[in-house]
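Residue numbers are given in this note's numbering: position 48 of the sequence shown equals residue 610, and the series is strictly consecutive.
Backbone N, C-alpha and C define an ideal beta-carbon position, used for all residues, glycine too.
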Amino acid sequence: MPGMALVSITPVAASVAWDARQALPARIRFADRDVQVTKVSGIRDERAAYPAGSSPRLTVVVEIDSGEALELVFDARRRRWFVDALDAAA
Numbered sequence: 563m564p565g566m567a568l569v570s571i572t573p574v575a576a577s578v579a580w581d582a583r584q585a586l587p588a589r590i591r592f593a594d595r596d597v598q599v600t601k602v603s604g605i606r607d608e609r610a611a612y613p614a615g616s617s618p619r620l621t622v623v624v625e626i627d628s629g630e631a632l633e634l635v636f637d638a639r640r641r642r643w644f645v646d647a648l649d650a651a652a
């Protein structure tokens, strides 16, 4: 998705369903939305860069079935997924 501009939002708790064969997110439920992931655009894994218990993050930028993009973040300290950025067009 060229020209995609993600805008930070107040993090929203999300439920993530995984495709076990590909080890990638397949569906995301957040707010009042239930969306299908169509493409993973990027992954940033910070877990090895932090001491245990200091809240490292795993960030996944995905495109969804509506054509929008979002940033999905796993907070290791809270053991929860959050959506913390959306495509500006959303």
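Run the CB neighbour count on Val624, radius 10 Å, all protein chains shown included, and call it buried at 16 or more, exposed below.
buried
Kindly indicate which three-state DSSP category Ala588 falls into: helix, strand or coil?
strand
Identify the continuous beta strand (DSSP E) that holds Asp596 and give its terminal residues.
Start and end: 595 to 607.
Taking only three categories from DSSP, how would you classify Ala638?
coil
Taking DSSP as the reference, what is the three-state secondary structure of Met563?
Its pLDDT being 44, under 50, Met563 is placed unreliably by the model, and nothing is read from it.
Report the option in Lys601, Thr572, Ile590, Ala647 whose CA atom is closest to the CA atom of Ala579.
Comparing C-alpha distances from Ala579 to each of Lys601, Thr572, Ile590, Ala647 shows the shortest one belongs to Ile590.
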